[in-house]
Each structure stands twice: as C-alpha cells, then as structure tokens.
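Here is the structure we will look at, set down as structure tokens.
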Amino acid sequence: MLAQQCVQRSPAAVPPARGRRAATTRCQASASAPVAPKNAALVGLVEAVFKFPPFFALAAKSARAMIVKRGERMGMDFQAEIDALKTLDLEAELAAVADPTVEYPSYYKVPFHAYPEGNLGWSPAMEMTVAAKSVHSVVYDPTGKQLDPQGDDNLRSSYSRCMQQLMGEAGARPVSDILDVGASTGLSSLALLKAFPDAAVTGVDLSPYMLAIGSHLQRQRAQQRAAAGDASPERLRFLHAAAEDTRLPDQSFDLVSIMLVCHELPAAASAAIFKEAYRLLRPGGALAVMEMNPASPVFQRVFSNPFAYVAFKSTEPWLLEYVSLDMAGAMADAGFLPASQLENSPRHRTVFAVKPQPIGTGSVTGTSLPSPDVDEAPTDPGTDALFYWELPAQLAGVAEPGLCEWNVGAEELVAAGPTERRSSATAAAGAPLGLAPDGRPFLWRGVWRLEGGWCGFAALVAGNYTRQPQIRFRQQRQLRQRARRLQQATRRQPPAVLLMTYPAFGFASESGMNVRVYPFPDGVIGASATLAYEVYFPPDFDWMLGGKLPGLRQGDECSGGRYADTCFSFRLNWQEEGEAQGYFYAPIQRQVPEFWRLPNTGQQGTSGIVVGRGAGGMRFRRSAWNAVRIRLELNDPGVPNGLLEFAVNNVTGVSFRQAYFRGSPHQLIEHIFLQSFYGGHEAKWAPATAQRALFRRFALTA
Numbered sequence: 001m002l003a004q005q006c007v008q009r010s011p012a013a014v015p016p017a018r019g020r021r022a023a024t025t026r027c028q029a030s031a032s033a034p035v036a037p038k039n040a041a042l043v044g045l046v047e048a049v050f051k052f053p054p055f056f057a058l059a060a061k062s063a064r065a066m067i068v069k070r071g072e073r074m075g076m077d078f079q080a081e082i083d084a085l086k087t088l089d090l091e092a093e094l095a096a097v098a099d100p101t102v103e104y105p106s107y108y109k110v111p112f113h114a115y116p117e118g119n120l121g122w123s124p125a126m127e128m129t130v131a132a133k134s135v136h137s138v139v140y141d142p143t144g145k146q147l148d149p150q151g152d153d154n155l156r157s158s159y160s161r162c163m164q165q166l167m168g169e170a171g172a173r174p175v176s177d178i179l180d181v182g183a184s185t186g187l188s189s190l191a192l193l194k195a196f197p198d199a200a201v202t203g204v205d206l207s208p209y210m211l212a213i214g215s216h217l218q219r220q221r222a223q224q225r226a227a228a229g230d231a232s233p234e235r236l237r238f239l240h241a242a243a244e245d246t247r248l249p250d251q252s253f254d255l256v257s258i259m260l261v262c263h264e265l266p267a268a269a270s271a272a273i274f275k276e277a278y279r280l281l282r283p284g285g286a287l288a289v290m291e292m293n294p295a296s297p298v299f300q301r302v303f304s305n306p307f308a309y310v311a312f313k314s315t316e317p318w319l320l321e322y323v324s325l326d327m328a329g330a331m332a333d334a335g336f337l338p339a340s341q342l343e344n345s346p347r348h349r350t351v352f353a354v355k356p357q358p359i360g361t362g363s364v365t366g367t368s369l370p371s372p373d374v375d376e377a378p379t380d381p382g383t384d385a386l387f388y389w390e391l392p393a394q395l396a397g398v399a400e401p402g403l404c405e406w407n408v409g410a411e412e413l414v415a416a417g418p419t420e421r422r423s424s425a426t427a428a429a430g431a432p433l434g435l436a437p438d439g440r441p442f443l444w445r446g447v448w449r450l451e452g453g454w455c456g457f458a459a460l461v462a463g464n465y466t467r468q469p470q471i472r473f474r475q476q477r478q479l480r481q482r483a484r485r486l487q488q489a490t491r492r493q494p495p496a497v498l499l500m501t502y503p504a505f506g507f508a509s510e511s512g513m514n515v516r517v518y519p520f521p522d523g524v525i526g527a528s529a530t531l532a533y534e535v536y537f538p539p540d541f542d543w544m545l546g547g548k549l550p551g552l553r554q555g556d557e558c559s560g561g562r563y564a565d566t567c568f569s570f571r572l573n574w575q576e577e578g579e580a581q582g583y584f585y586a587p588i589q590r591q592v593p594e595f596w597r598l599p600n601t602g603q604q605g606t607s608g609i610v611v612g613r614g615a616g617g618m619r620f621r622r623s624a625w626n627a628v629r630i631r632l633e634l635n636d637p638g639v640p641n642g643l644l645e646f647a648v649n650n651v652t653g654v655s656f657r658q659a660y661f662r663g664s665p666h667q668l669i670e671h672i673f674l675q676s677f678y679g680g681h682e683a684k685w686a687p688a689t690a691q692r693a694l695f696r697r698f699a700l701t702a
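Under the UniProt record's numbering, residues 1 to 702 are what the sequence shown spells out, in order.
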C-alpha cells in the first residue's frame, strides 16, 4: 500500500541538524501492512511470563512509576491532580453519564495501562490527562530521553493536519458531525473541536468514569466561556456506549475519528468498530485512525529491547493483536474505499478511508438506469429518482482513447483462500475464481474507483496516460501498492457500474471507450482466458446498425480494419434489433473450411470476421442486464486446434475447436480489449442522439 509521511517535529524536542532548516511537515512513501516483531523469541518469552499474575503486577507497577517520574521531570504533580479531582462530587457526574444497559465486552475487563481495574475505575480516569502528557512527551525524540511538555498537543495537532490533508486529497464530504471513538476524558474531542471549528463532536467511550470527568471538565469550560461573554452553542456531548454498537442512527456523521484506541483492542474488536463506523457515516464521510506505527524503527526497537518491551506489554495486553491487525484490510472489509496512510510522528500513523458515495442520483430524463445491486432494471422507464454508480466527473472522459491503462503483478491479486473455500468466495463476490501464474487462486472482478487522480479496475490500476496506451511499466511499485488498496476496498463491495455515454453523431473508436487492460506485468494473460461481464441497455437504447463491446486481444493491430499475421482479437458486437455476434481478427487464410461454415459467419468487407450472428437466437435485450462470456484457448502454433466460444445470456453462439489464432508460441493473449462504440467507420452507424449503457461484473479467469 502506498503511504506518505506527514511528520511534525517539535523544535523543543528535536533540534535541527547543523546547517539544515528545521522541517515541520514532510511526506514520504512508507509501508503500512502488518509488521511482525523482529525479536520473536523475546516476545514469546514475555507473553509466557505475563501469564503469571505476580510478574504482570510487578511490571505494571514499574511501568506506571516510569510514567509518573517522567511527568514529574516536566513539573507535573500526579498526586495534586488526583487530589483536586477527589474534591468534586464525581459520583453525581457518574450517575448522570453512565448507561446501566451497556454491556462490557470481556476484552475490556482485564488489567491494562498499569491499572488492575483497566479503565473501569476512578484512578485511570483521574490520571488520564497527566499520563497522556507524560507518555507523549518523547514522541518526537527518537532517543526517548528529551522531554517536551507540548508533545501531546503536537501529536494531536499533527493528526488533525494529516487528516485534513487526506480529506482534501480524497474529496471527502464537508464535516459537520464528528464521532470521537474512545473519547475518554475528552482530550481527543477537544483536539477535534479545534481542528473543525464549525463541527459538533460526540465523544463515545466505554468507561463511565472517564466520561464523568470529561463531562465535569466540559461544564467548567462552558462556564468559563459564558463568563467571557461567549454565547455560542455547546458543540461537545459525551455518550456511554460500546464503539462496536453505539445505537446511534445510521448515516449521522461525516467523520469518525479513532485516536489511540485500536492498540488497546483485540483485532476483531477493531474490525467490528470499523463496520459500525461505516454504518454511522454518511456517503462520502471519512474514517480516520491515529495509532502507533508498528513499522516505525522506534516501535521495532521496543520489540528488541527486553526492558522496553516488558514495560510496554505490561500496560498493553492486546499489543500483539494490534500489531497483527491489517488495518487497511479491515477497513476494506467494512466497505470503505482504499485506505491512505500518513505518518504524523516518528512513532504514529494516520490511516484514512472514505465511505463510497453514489455519483449519479436523482432524476434521469429519458433513460431509466438500474440499481447495480439488482439483477433486473426498473420496469418504469420514467424519471423517478434512481441510485446508480457512475465514474466521477474527472473520469467521465474514459470514452477518450487510451485514457487509462491498468497493470499490476499477479502477486497482488486477492487470494481467495484454500480450494475448499472457493464456492463460498464465489457466491459472496459474484465473480469466478481464477488461478494466478503461480497456481494460487485469486478473485478478480470489475470495480471502478477514482483515487488520487488514478483510476482502478479491481486489482488493476493505472495512471492517466492520455493517448499513450502503450505505456505499461511506469511506476510499477506504486501501481502494485495502489492495486492492493483497491482490491482490499472492493472485496465486499456490491459490483460498481461503469456508465458509458455514446455521443450523438459519434462513430468509430474515437467516439467511444478504447482502453487496454493489462492484468499482468509481463504483458500477457496466457494461452487461454475466459472474460465475462454484464452490459445493460436502457429501454430506449437505439441499436442503429450496431457497435462494439469488450473482448480479448494480442498485439497492437487486429482491429479497425488492420490485419496482421502476428496478432489476433475477439470482441462481441451488438447489431440491428440487438442481435449479437462475435467479431474476430486472425489470419484469414489459415482458417479451416469448417470455420467458414459456422452459422452466419463471414468477413465484413475489409474489416473483421463476423462470427455466428444471431446464432441460436442469441441477442441483447433492452431494460435488462445481459451476461457476456468469451472463452479463448489458443491453438498449438501453426495447428488449427484452438477454441473459440462465446455466449450471450446463456445462449451459446459458437463453440468451435478448430480456430487458428497464432503461428508462434510467443503469441499469447495480452490484454482485455475494453472497447465500446458505434460503428463501423462511416456516419451511417452513428446515433442521432446521445446513448448510454452500463457495464459491471467484469471477471477474468486466466
């Protein structure tokens, strides 16, 4: 996954090197996949020792003493803070905020943060603020020795900056309502209020003790504002609830923020919270998580130092679960678009993902479009408000030739798991399973996304190399990293839909979609492939004389009337009244006589070979999704024994096993020929008005 770094350095903690200007923010690529601890033996030993309560208690006591001592070095008095809070009527605050119906999960009822009661007690709540300032005083010092009293504030500010940067890059919706998960006493909520001065914040936490103190401090701040003449409405409220089940209304927030919480949870709990966040967010809303970065050198040194790791583990019982969490993958499983990552300190990262939003909604005049999650189109061709997925405006020009090219290594395709899981995986995704070149199963289906100016097609991504369709290998690493994000984000998404607009009076490839999809980095798919997809024609679609639909190809020619002995292609066409036919470019003179006796087969002028027009009643339908399947098995070089097979709506037009594709073993299926346009190369093919069609569920089995 591609990530960047947005690092704030505290001048007080890290002086600039001689001769260099101090940097406040910098961006650089970094990895964000789960990182295994370097010293596995040490980790295993500590895990075993901590199963004995006396050892755990001793280590926890030592860790707390270290935190207190660090705070005292900065002039903080832990005991004075606690004594001041003890003078308050906190039981009344607790009764006001606690929800007696809340059930505490088992993972929450264990000792952590050096407190036997975990967060379910007054001591951790009373010490929360001073402990956070103490722990974060060394965030920007790699040595962990130079203390900065502003470290906690700087860390939260850096998170806000990175979050806002990512929002701008992703085009997330404006923020009016924020959910702060794990708000504790309100430190994170206050940082969000500062970063988003026009937003309201709901702080949710499982500890009523934390919320009681947070509510008291919030009331104090409100009184101070009132005394200063500030009559602005209150923007912060607290809620006692489990983050996995807040019981808040669907789509009620624009931003869900989770600050320094996931490392305190089992991985399954974090995944459940991401799913709840997806439910709570409005379309286009964002999930942002600021956490420790397991890939950072500072974090890895902790695993190599027995004293540091013992201290760390004694306060964080779920540490190893957090390290193993594929955060971006869990967000993808929850339904989010590909996650981005920025490092906002030498020890911390911000992981960010957006909930998809429909680009096209509202009335559609003259053409009724279906919802992508139903099998049939609406029966009413009127102008009712419809919900459908569409390419964002920036990519509406996909009709331009060569706008996008996809390319990624096969190793980045999503693994579908063991053989025995194939059937369930297929059913869940609605697409066939194939095999990568190394024999591993993978899942591949068409999903269209816009992400940072790139366009994505399932596991395949590309830069916008406008009118340069031959570029294949530029920025390979970034392509693979972005592909992983795209694939993770689309595992459980309903099939997205590509809206194709054919312009009025447009014909030939210049007027339509003309894109090459290269699934594998070596530029080939293989000696056999099955391409499947669905196409929807609206009820008023004008067939005219016909047009082209996607298929498979090898070489740079073999289309547009250009023949060569060193290439081949096979696509489908729609014809008058929706009749379906194959459209074949291959060495004409090498086809056997039996080929030319196939039903309704022959060369179309100087252009391609029409194969099986309308054979068996094969045709496309308006107002319905039409299933297309193309199967090619290349012949042995020089021998006419290849398979040419295609079907529309389960009606097989041709299944012929004596086809001739190639004369050389080096000729292999190279790319998906993602074409669609009216024509023909003459104006008689062009529609008088703009037409539209939808494409979805692209699947390739190689």
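Yeah, the Cβ is synthetic: ideal placement off N, Cα and C, and Gly gets one too.
- Spanning the alpha carbons of D254 and R282 requires a straight line of approximately 6 angstroms.
- Using a 10 angstroms sphere on the CB of V110, the tally of other CB atoms stays under 16, which defines it as exposed.
- In the structure shown, the three-state DSSP call for Y563 is coil.
- Across the set F661, A271, P266 and E91, the C-alpha of P266 shows the shortest separation from the C-alpha of F112.
- Boundaries of the beta strand (DSSP E) around V654: V651 to A659.
- A distance of 8 angstroms or more separates the beta carbons of Y159 and M292.
- In terms of Cβ geometry, V628 and L545 do not form a close pair [threshold 8 angstroms].
- Each of G168, D542 and L94 was checked against the Cα of I213, and the nearest Cα belongs to L94.
- Residue pairing from DSSP places Y536 in a beta bridge opposite W625 and L694.
- For a cut-off of 8 angstroms, the C-beta gap from P640 to A659 is around 7 angstroms, short enough to register as a contact.
- Sequence-distant Cβ neighbours of R73 in its own chain, meaning closer than 7 angstroms and more than five residues away, are L147.
- Annotated three-state conformation of F646 is strand, per DSSP.
- Excluding residues up to 5 positions away in sequence, G151, D152 and L155 lie with their Cβ nearer than 6 angstroms to the Cβ of H136 in the same chain.
- For P283, the three-state secondary structure derived from DSSP is strand.
- Closest by C-alpha distance to S188, out of M167, V256, D250 and G229, is V256.
- Take P356, set aside five residues on each side of it, and the residues of its chain with a beta-carbon closer than 6 angstroms to its own are L337, in chain order.
- Residue pairing of R619 in beta bridges, as defined by DSSP: E579.
- Looking at the DSSP output, F352 shares a beta bridge with A288 and S340.
- For S123, the enclosing alpha helix (DSSP H) begins and ends at W122 to M126.
- Under the DSSP definition of a beta bridge, G551 partners with R571 and F673.
- Distances from the alpha-carbon of G582 to those of S123, Q224, F352 and F656 put F656 closest.
- Exclusion of the five residues before and after I609 leaves F584 and Q603 as the residues of its chain whose Cβ lies within less than 6 angstroms of its Cβ.
- For R622, same chain residues with a beta-carbon under 6 angstroms away, outside a window of 5 residues either side, are F537, P539 and F541 in chain order.
- If only complete runs of 3 or more residues are kept, the region 140 to 211 shows the beta strand (DSSP E) at 177 to 181 and 200 to 205, in order along the chain.
- Distance from the CA of Q667 to the CA of D556, rounded to the nearest whole angstrom, comes to 12 angstroms.
- Three or more Cβ pairs closer than 8 angstroms define a contact, and the region 209 to 225 meets that threshold against the region 237 to 245.
- Excluding five sequence positions before and after K133, the CB atoms of its chain that fall closer than 8 angstroms to its own CB belong to G71, M74, M76, P149, G151 and D152, given in chain order.
- The Cβ atoms of A269 and P105 lie closer than 8 angstroms to each other.
- When the Cα atoms are used, M513 and L674 turn out to be separated by approximately 7 angstroms.
- A328 is not bridged by DSSP to any residue.
- Contact annotation: R553 and H671 have beta-carbon atoms nearer than 8 angstroms.
- Proximity to L643 across D83, F570 and H263 peaks at F570, based on C-alpha coordinates.
- The beta carbons of A690 and Y502 sit about 7 angstroms from each other, so the pair counts as a contact at 8 angstroms.
- Between the C-alpha atoms of A272 and S511 there is a straight-line separation of about 46 angstroms.
- In this structure, the CA atom of S509 is about 15 angstroms from the CA atom of W574.
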